[in-house]
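To start, the structure itself, in structure tokens.
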Amino acid sequence: MVVTLWAICHFEEFKQGVAAAIARDAVENFLGVSALVIRGLLDAKIVEAIACREGLVLANDLMVQHFRLVSDNVNVIRGIKEGEMTVDGYIIREIKVITV
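So the sequence shown is numbered by UniProt numbering: it starts at 1 and just counts up by one.
Following this line, the structure appears as structure tokens:
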């Protein structure tokens with residue numbers, strides 16, 4: 001069974017971002033969620049990269065071996081696939097270590 005991990009970021013008026021990951025199975029049953037509130041960080045790419053990392057940590061917590069990670073930030077996905085070292089490079093590097 002393949003689990004879909006949705007990486008989501010949201011920004012609040014109070015200068016904080018929320019990075020979250022939601023896990024659902026093939027028939028959309030809820031499996032789990034992980035979320036972080038990050039105060040003072042409003043860079044969408046970094047918060048989305050953190051949400052992707054949270055998705056991978058959630059997959060590990062749920063002992064999921066086959067999953068797909070979904071994000072609407074093409075730059076973060078490109079960074080994960082190609083190993084780009086940009087502002088979010090340390091988070092991308094951590095994602096690569098987790099997925100090995």
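Heads up, the beta-carbon is just placed ideally off N, CA and C, and yes, glycines get one too.
Between residue i and chain D, is the shortest Cβ-Cβ distance under 7 Å, so that the two count as touching?
{"i": "asparagine 73", "result": "Of the protein chains in the structure, only one exists, and it is not chain D."}
First and last residue of the alpha helix (DSSP H) that includes residue i?
{"i": "alanine 49", "result": "44-61"}
{"i": "valine 18", "result": "Counting along the chain, valine 18 falls outside any alpha helix (DSSP H), though it belongs to the beta strand (DSSP E) covering 16-24."}
Return the first residue and the last residue of the beta strand (DSSP E) that residue i is part of.
{"i": "glycine 32", "result": "30-39"}
{"i": "valine 70", "result": "67-70"}
{"i": "valine 2", "result": "Note, valine 2: premise wrong, no beta strand (DSSP E); not H, not E."}
Note down, in chain order, each residue of its chain lying with its Cβ closer than 7 Å to the Cβ of residue i, except the 5 sequence neighbours on either side.
{"i": "leucine 62", "result": "Ala23, Leu31 and Gly32"}
{"i": "residue 156", "result": "The displayed coordinates of the chain run from 1 to 100. Any statement about residue 156 would go beyond what the structure contains."}
Who are the Cβ neighbours of residue i in its own chain at under 6 Å, not counting the five residues just before and after it?
{"i": "residue 102", "result": "Residue 102 is absent from the structure shown; the chain starts at 1 and stops at 100."}
{"i": "glycine 55", "result": "Leu5, Ala7, Ala21 and Leu69"}
{"i": "valine 64", "result": "Val3"}
{"i": "phenylalanine 67", "result": "Val3, Leu5 and Ala59"}
{"i": "leucine 36", "result": "Ala19"}
How many whole angstroms separate the CB atoms of residue i and residue j, which I take to be in contact at a CB cut-off of 8 Å?
{"i": "isoleucine 92", "j": "alanine 51", "result": "Incorrect: roughly 13 Å between the Cβ atoms, too far for contact."}
I'd like the list of long-range same chain contacts for residue i, defined as Cβ closer than 8 Å, with 5 residues on each side in sequence excluded.
{"i": "valine 47", "result": "Cys9, Phe11, Gly17, Val18, Ala19, Ile38 and Leu41"}
{"i": "serine 34", "result": "Ala20, Ala21, Glu54, Gly55, Val57, Leu58 and Asp61"}
Could you check the C-alpha separation between residue i and residue j for me, to the nearest Å?
{"i": "alanine 49", "j": "valine 76", "result": "6 Å"}
{"i": "lysine 81", "j": "glutamate 28", "result": "26 Å"}
{"i": "glycine 79", "j": "aspartate 43", "result": "16 Å"}
{"i": "valine 74", "j": "lysine 45", "result": "9 Å"}
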